[in-house]
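Undergrad: Have a look at this one.
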């Protein structure tokens with residue numbers, strides 16, 4: 007293993023080279039900007055080669071291999087504090103690298119087709135490469151500070167890419183919103199860093215994980231809480247999740263890569279990385295679990311009411327991330343990472359599939375415009391879709407596979423990972439704060455039902471039934487003739503991801519499924535892989551209970567699917583929604599209004615802050631601080647103006663100055 | 096002790112006698128036909144009367160500079176010439192190097208036309224002077 | 005023939021001296037400026053390579069103790085040669101574009117560099133004086149390079165007169181020290197027991213001479229006029245190479261000849277450091293001409309460097325060397341870009357307001373200028389920050405808190421005038437009549453390398469600081 011460790015820096019360097027190459031050439035050469043195939047290929051290769059390296063390392067590495075660190079150079083050295091640009095390769099980071107580069111490479115490839123007509127093609131790809139670079143820094147860092155650099159870096163890239171079409175005010179506002187909400191979390195994260203340094207005296211993971219006994223219980227709780235707040239910002243959990251749905255303003259591949267598969271999982275990664283620290287406090291774990299479960303259910307309820315396909319997927323992402331946090335909170339780090347991986351597959355597939363749909367709808371709109379018809383509709387709105395399965399067969403099939411996967415129907419990927427989380431939550435119900443965990447388990451079960459339900463609502467509404475656009479807008483008659491499947495570069499990626507969504511779950515088949523028949527079993531690959539690097543809670547419950555839970559979750563999922571088919575097949579989308587809305591009344595309104603969270607933040611925090619700064623701080627600033635600064639500045643300028651008179655331009659004056667200096671020096675030395 | 100300085104004393108006396116005798120002799124023997132030019136102050140052939148800030152040809156300065164440079168170098172060569180045998184080959188070659196560099200300087204000024212009095216017709220007019 | 009073997013210790017100087025003579029002859033007999041340029045560049049590059057190699061070699065004294073080699077002396081040579089190399093490369097395009105491309109420039113630069121190389125390795129007052137004078141005379145000539153430019157000629161004359169004036173003090177100082185100690189060797193002077201009036205007067209006048217060369221206030225007044233009047237690339241040469249050489253020699257004199265008087269000259273430098281920082285920065289604030297501003301900024305930088313000398317420990321000296329390195333990089337770069345902008349509208353195109361909106365016209369140049377200026381302000385992650393930080397840290401270790409406070413405040417004030425250039429480059433409407441030519445590959449590559457080094461040593465100063473920290477013993 008050690009002999010191949012020198013490959014690790016290349017994983018990080020190659021995307022950086024890709025970023026610099028495309029970025030610099032694009033910036034300085036207009037002709038380079040038009041060579042889109044070249045740009046796209048370089049960017050894709052810059053992610054694919056690191057993937058190959060990671061795959062090679064993966065083959066070499068065993069489940070029980072010790073972690074290795076490689077330090078490139080000393081980054082900061084201040085007094086006793088020293089931080090390297092150093093990378094730590096272990097099972098956890100390698101798994102993340104594989105996901106980031108693997109899914110990343112696929113999405114890069116997909117984007118070549120998706121962004122083909124965009125003017126900022128080169129910019130897009132250089133930003134994507136920069137993102138991959140910072141994300142890899144985040145997951146490979148061997149110390150918290152480098153991780154924080156990556157953490158901020160992905161935030162920056164997310165900002166750049168959400169606001170990629172920055173001429174649209176709404177999109178650039180969405181970018182700002184994402185950035186600001188992230189900053190709130192980052193602030194807490196930074197304080198956690200300081201506190202860790204204060205206790206341990208180092209920010210290296212090795213020192214932190216070996217030194218967990220140096221923390222007092224109170225410190226563990228506070229540090230853990232601060233890291234959790236940081237994670238809720240980055241991974242879109244209560245209370246900071248509201249930015250993620252808005253972040254869908256970015257190009258769809260960005261949503262797939264950053265806001266579904268990779269960046270938003272960094273919070274989960276960090277908590278898994280620090281699992282020995284989190285496991286020290288049962289209260290902290292409970293807190294994580296509660297946040298996760300409530301986020302899951304709240305996001306799922308909002309997702310029920312949305313018509314924008316990307317918005318549904320966004321809330322679904324929030325909800326699934328909630329599941330992962332729930333898993334973290336129950337000490338099931340393996341389960342969280344497992345769900346992270348499978349989620350990356352099917353959610354990327356869903357987003358890219360929605361991208362394919364939007365692409366097609368956009369095309370329709372453009373064609374209608376070319377005909378001279380003034381038709382305006384939202385190409386992301388489900389209500390104008392329907393029946394797309396006949397026009398976009400590949401997109402439909404892959405989207406369906408991914409939907410089945412996320413709904414949790416065996417044997418697709420999502421089933422195994424979600425079931426594992428449910429089992430572990432129930433398992434945690436046997437330990438400390440058991441009643442609460444059982445409650446959370448029930449909540450998660452409800453969420454699982456809703457997940458299956460709203461995901462099928464989305465799929466059926468989009469692909470089944472008939473094409474509704476011509477019925478809604480008169481000018482768009484016969485518009486279906488413009489619908490077409492996306493190019494091969496896009497659909498091939500969809501199929502790869504769909505394939506992964508099918509088989510991805512087999513890396514985590516629970517041992518009891520096999521051991522019931524054979525006595526013993528060792529088939530849970532991901533658990534074997536990660537057991538060494540994360541500190542997991544023990545499984546207490548017996549096989550029988552596990553089987554029961556497994557069947558329970560299958561039944562729940564199937565129930566959700568069945569209900570969705572009953573209500574939403576055959577163009578019943580809006581009618582059924584109206585029915586639900588009537589039945590639930592105010593509650594549905596709350597869901598549809600996203601719990602008024604945006605308004606609450608606006609009214610409760612933003613406005614009072616602005617008013618306070620306006621009335622109090624601004625006055626203080628202008629009167630006192632600016633006044634003081636201006637006074638200093640004008641005094642200095644005045645002195646400078648006076649001094650200028652001595653700079654006469656005459657040699658005599660200058661010589662006089664020298665003589666004065668001589669007198670002073672001689673006097674100082676002679677009359678000491 | 097003071098005896099060793101007698102030759103110097105003699106030399107000084109000789110110098111005084113010679114100087115005085117030359118002046119006196121030229122006064123006595125020389126023809127004496129004064130005119131206004133001859134009575135004017137001697138300024139190396141220049142008109143002694145006129146603006147104090149007159150412009151001189153730059154060639155004067157250059158020649159003067161060259162003279163001083165080469166003249167001063169002799170100061171280094173004299174002591175070496177007297178004693179070089181005692182110091183050996185190293186000192187000899189050092190001085191050769193010194194003279195060589197000096198010679199390069201001479202070649203340079205020669206090529207640049209320092210010694211062409213009539214700058215208008217020399218090739219130096221297109222170079223930097 | 006020990007001294008023949010010792011020639012290798014001053015190999016960079018020999019190469020540069022030989023190149024100077026060669027270039028002079030090429031100019032006279034072949035009259036091909038391009039050839040002269042190429043020869044100069046190649047020889048300088050060679051000398052730089054040897055000097056870099058010398059840094060890692062052993063150090064000692066040679067020629068009966070007249071010079072030292074290796075260690076700090078070699079690092080000084082590297083600084084000087086970097087300055088020379090960049091000046092030579094930038095000068096070709098600049099002088100061609102401004103119409104005064106004559107071959108004498110290169111021989112004068114080479115002779116000047118020869119003087120600096122002697123200066124940085126001087127271990128004897130006479131060697132020191134030879135170095136300083138060889139360097140200065142060439143600089144006087146270079147300042148007045150553009151003969152039909154009134155300001156340039158005026159600058160040259162002023163520089164010459166005041167330089168001669170200060171050299172007088174320097175020479176008197178040396179003479180008095182010789183009189184007091186009976187030796188011109190730095191280390192012999194250090195061992196003097198009986199420090200009388202003559203000794204102290206000698207120290208005072210020696211300090212005056214150095215203060216003039218590094219343009220400390222109030223010996224600085226020639227600096228703005230000369231820096232503004234001289235051709236810009238030559239200004240870069242004066243501001244970097246000659247200053248680095250003077251500072252390295254200053255370190256040698258202070259640490260080798262006057263270690264026992266540290267308390268006394270420490271006080272003097274303390275006072276003049278404060279004066280230099282305050283007045284340099286305050287006057288830079290009110291300048292409207294970028295070259296003048298950079299001149300005052302270089303005065304201010306000399307003030308920060310003097311903090312390190314006032315501290316007078318090995319750590320402080322190595323911090324000063326690092327500062328000089330960063331200073332060399334960023335000043336060469338900034339003057340290089342000022343020179344580049346001058347290509348287009350002639351020599352007076354250096355007012356701050358001339359720069360309005362130019363940052364977007366040639367984005368590479370704009371970005372490079374920003375990097376150099378930010379580095380001068382002392383903002384991480386640029387080398388200038390590390391330099392300042394290390395000098396200040398060394399001074400704090402010696403308890404010179406008041407100096408560091410002034411230094412920090414002064415550099416905070418400096419943000420104003422550096423950013424003013426950037427604000428003009430980026431935030432003002434540009435004159436539509438100006439179109440910028442794309443600079444040649446060599447020109448822009450040189451500037452980009454300087455910027456890259458500025459960033460590199462700002463991010464990863466460790467190796468260099470370790471190297472500088474290892475220069476001890478004989479070097480100081």
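Chains as they are written, first to last, in the working numbering: chain A, 7 to 678; chain B, 96 to 224; chain C, 5 to 480.
Cβ coordinates follow ideal geometry from the N, Cα and C atoms, glycine included.
1) Any residues in the stretch 644-663 of chain A with a beta carbon nearer than 8 Å to a beta carbon of chain C? Which ones, in chain order?
2) So, does the CB of residue 672 of chain A fall closer than 7 Å to a CB anywhere in chain C?
3) From this set, A/475, A/144 and A/117, which residue's C-alpha is nearest residue 131 of chain A's C-alpha?
4) Of all the alpha helix (DSSP H) runs that stay within the bounds of the stretch 418-446 of chain A, which reach a length of 4 or more residues?
5) Quick one, which of A/76, A/103, A/294 and A/91 has its alpha-carbon nearest residue 431 of chain A's?
6) Against chain F, with Cβ distances strictly below 7 Å, would residue 30 of chain C count as a contact?
7) Below 8 Å on the Cβ atoms is my guess for residue 474 of chain A versus residue 570 of chain A; work out the distance and round it to an integer in Å.
8) Using a Cβ cut-off of 8 Å, which residues of the stretch 66-97 of chain A contact any Cβ in chain C, in chain order?
9) Write down the C-beta distance between residue 272 of chain A and residue 322 of chain A rounded to the nearest angstrom, noting that I regard them as a contact closer than 8 Å.
10) Taking 7 Å as the cut-off, decide whether the C-beta atoms of residue 579 of chain A and residue 467 of chain A are in contact.
11) Are the beta-carbon atoms of residue 413 of chain A and residue 567 of chain A separated by less than 7 Å?
12) Only counting the same chain, and skipping five residues up and downstream in sequence, which positions put a Cβ closer than 6 Å to that of residue 330 of chain C?
13) Assuming residue 66 of chain C contacts residue 19 of chain C (C-beta within less than 8 Å), just tell me the rounded distance between them.
14) Take residue 81 of chain A and list the residues in its own chain whose beta-carbon comes closer than 7 Å to its own, dropping the five residues that flank it on each side.
15) Tell me whether residue 241 of chain A sits in a helix, a strand or coil according to DSSP, three-state version.
16) Just by C-beta distance, which residues in the stretch 220-250 of chain C are closer than 9 Å to chain A?
17) Classify residue 402 of chain C as helix, strand or coil using the three-state DSSP reduction.
18) Where residue 182 of chain C and residue 664 of chain A are concerned, what is the direct C-alpha to C-alpha distance, given to the nearest angstrom?
19) If we define contact as Cβ-Cβ less than 7 Å, is residue 166 of chain C a contact residue for chain A?
20) If we count Cβ pairs, one from each stretch, closer than 8 Å, do we get three or more for the stretch 351-370 of chain A versus the stretch 406-420 of chain A?
21) Hey, residue 452 of chain C and residue 372 of chain C are a contact pair by Cβ (cut 8 Å); roughly how many whole angstroms apart?
22) In angstroms, rounded to a whole number, what distance separates the CA positions of residue 275 of chain A and residue 237 of chain C?
23) Using three-state DSSP, classify residue 10 of chain A as helix, strand or coil.
24) Could you tell me which residues DSSP puts in a beta bridge with residue 92 of chain A?
25) Please list, in chain order, the residues of the stretch 14-41 of chain C that have any C-beta partner in chain B closer than 7 Å.
26) Any chance the CB of residue 673 of chain A is under 6 Å from a heavy atom of the ligand MG?
27) Span of the alpha helix (DSSP H) holding residue 662 of chain A?
28) Chain C beta carbons: is any one of them nearer than 7 Å to that of residue 148 of chain B?
29) Considering only residues of the stretch 292-363 of chain C, which uninterrupted alpha helix (DSSP H) runs meet the minimum length of 4 residues and lie entirely inside it, listed in chain order?
30) Please report the straight-line C-alpha distance between residue 243 of chain A and residue 327 of chain A, rounded to a whole angstrom.
31) In angstroms, rounded to a whole number, what distance separates the CA positions of residue 279 of chain C and residue 215 of chain C?
32) Look up residue 387 of chain A in the DSSP assignment and give the residues it is bridged to.
33) Would you identify the three-state DSSP class for residue 527 of chain A, choosing helix, strand or coil?
34) Any C-beta of chain C within less than 8 Å: which residues of the stretch 137-169 of chain A qualify?
35) According to DSSP, residue 331 of chain A sits in a beta bridge with which residue or residues?
36) Residues in its own chain within less than 8 Å of residue 133 of chain C by CB, not counting five upstream and five downstream?
TA: If we stick to the structure as given:
1) Against chain C - using a Cβ distance shorter than 8 Å - the residues of the stretch 644-663 of chain A are 645, 646, 647, 649, 650, 652, 653, 655, 657, 659, 660, 661 and 663.
2) Position 666 of the first chain, counting from 1, holds the residue named residue 672 of chain A. For residue 672 of chain A, the answer is yes, since a Cβ of chain C falls inside 7 Å of its Cβ.
3) Here the question's residue 131 of chain A lines up with position 125 in the first chain. Among A/475, A/144 and A/117, the Cα nearest to that of residue 131 of chain A is on A/117.
4) DSSP runs (the alpha helix (DSSP H)) wholly in the stretch 418-446 of chain A: 419-434.
5) Here residue 431 of chain A is taken as the residue at index 425 of the first chain, counted from 1. Closest option to residue 431 of chain A, Cα to Cα, is A/294.
6) In the structure shown, chain F cannot be found, because the protein chains are A, B and C.
7) In the first chain, counting from the first residue as 1, residue 474 of chain A sits at position 468. In the first chain, counting from the first residue as 1, residue 570 of chain A sits at position 564. The Cβ separation is near 18 Å, so there is no contact.
8) Going along the stretch 66-97 of chain A in chain order, one finds 79, 80, 81 and 83 with a Cβ nearer than 8 Å to chain C.
9) Translated into the one-based positions of the first chain, residue 272 of chain A becomes position 266. Translated into the one-based positions of the first chain, residue 322 of chain A becomes position 316. About 19 Å separates the CB atoms of residue 272 of chain A and residue 322 of chain A; that is not less than 8 Å, and the two are not in contact.
10) In the first chain, residue 579 of chain A corresponds to position 573, counting from 1. In the first chain, residue 467 of chain A corresponds to position 461, counting from 1. In contact: residue 579 of chain A and residue 467 of chain A (Cβ atoms closer than 7 Å).
11) In the first chain, residue 413 of chain A corresponds to position 407, counting from 1. In the first chain, residue 567 of chain A corresponds to position 561, counting from 1. Their beta carbons are under 7 Å apart, which means residue 413 of chain A touches residue 567 of chain A by this criterion.
12) Mapped onto the third chain, residue 330 of chain C falls at position 326. Shown here for residue 330 of chain C: same chain residues with a beta carbon closer than 6 Å to its own, the five before and five after excluded, namely 387, 388 and 391 in chain order.
13) As a first step, residue 66 of chain C is located in the third chain; it is residue number 62 there, counting from the start. As a first step, residue 19 of chain C is located in the third chain; it is residue number 15 there, counting from the start. Contact check for residue 66 of chain C and residue 19 of chain C: beta-carbon distance about 16 Å, past the 8 Å limit, so the pair fails to qualify.
14) Taking the first residue of the first chain as position 1, residue 81 of chain A is located at position 75. Taken in chain order, the residues that qualify are 89, 90 and 91.
15) For the purposes of this step, residue 241 of chain A is taken as the residue at position 235 of the first chain. Coil.
16) Along the stretch 220-250 of chain C, going in chain order, the ones with a CB nearer than 9 Å to a CB of chain A are 220, 221, 222, 223, 224, 225, 226, 228 and 229.
17) Stepping through the third chain from its first residue, residue 402 of chain C is reached at position 398. Correct three-state label for residue 402 of chain C: coil.
18) For the purposes of this step, residue 182 of chain C is taken as residue 178 along the third chain, with counting starting at 1. For the purposes of this step, residue 664 of chain A is taken as residue 658 along the first chain, with counting starting at 1. Cα to Cα, the separation comes out at about 23 Å.
19) Looking up residue 166 of chain C in the third chain gives position 162. At a cut-off of 7 Å, the C-beta of residue 166 of chain C has a neighbouring C-beta in chain A.
20) Output reads yes: the stretch 406-420 of chain A touches the stretch 351-370 of chain A.
21) As a first step, residue 452 of chain C must be located in the third chain, where it is residue number 448. As a first step, residue 372 of chain C must be located in the third chain, where it is residue number 368. The C-beta distance from residue 452 of chain C to residue 372 of chain C rounds to 7 Å, short enough to meet the 8 Å contact threshold.
22) For the purposes of this step, residue 275 of chain A is identified with residue 269 of the first chain, where counting begins at 1. For the purposes of this step, residue 237 of chain C is identified with residue 233 of the third chain, where counting begins at 1. Distance between the alpha carbons of residue 275 of chain A and residue 237 of chain C: 53 Å.
23) Residue mapping note: residue 10 of chain A aligns to position 4 of the first chain, counting from 1. DSSP places residue 10 of chain A within a helical segment (H, G or I) once states are collapsed to three.
24) Residue 92 of chain A sits at position 86 when you count from the first residue of the first chain. Partner(s): A/77.
25) Considering only beta carbons, the part of the stretch 14-41 of chain C lying closer than 7 Å to chain B consists of 25, 28, 29, 32 and 33, in chain order.
26) Because no ligand of any kind appears in the structure shown, any question about the ligand MG cannot be addressed here.
27) Within the first chain, numbered from 1, the residue matching residue 662 of chain A stands at position 656. First-last of the alpha helix (DSSP H) with residue 662 of chain A: 657-676.
28) As a working mapping, residue 148 of chain B is identified with position 53 in the second chain. No, residue 148 of chain B lies away from the interface with chain C (no Cβ there is under 7 Å from its Cβ).
29) Within the stretch 292-363 of chain C, the complete alpha helix (DSSP H) runs of at least 4 residues are 294-315 and 318-349.
30) To locate residue 243 of chain A, count along the first chain from 1; it is residue 237. To locate residue 327 of chain A, count along the first chain from 1; it is residue 321. Across the structure, residue 243 of chain A and residue 327 of chain A are spaced so that their CA atoms are roughly 8 Å apart.
31) Stepping through the third chain from its first residue, residue 279 of chain C is reached at position 275. Stepping through the third chain from its first residue, residue 215 of chain C is reached at position 211. Whole-angstrom Cα-Cα distance: 12 Å.
32) Mapped onto the first chain, residue 387 of chain A falls at position 381. When beta bridges are read from the DSSP output, residue 387 of chain A appears opposite A/314.
33) In the first chain, residue 527 of chain A corresponds to position 521, counting from 1. Residue state, collapsed to three classes: coil.
34) Those residues of the stretch 137-169 of chain A that come within reach of chain C (Cβ to Cβ, closer than 8 Å) do not exist; the list is empty.
35) As a position in the first chain, residue 331 of chain A is number 325, starting the count at 1. Per DSSP, residue 331 of chain A has no beta bridge partner at all.
36) Here residue 133 of chain C corresponds to residue number 129 of the third chain, with the count starting at 1. 174, 175 and 178.
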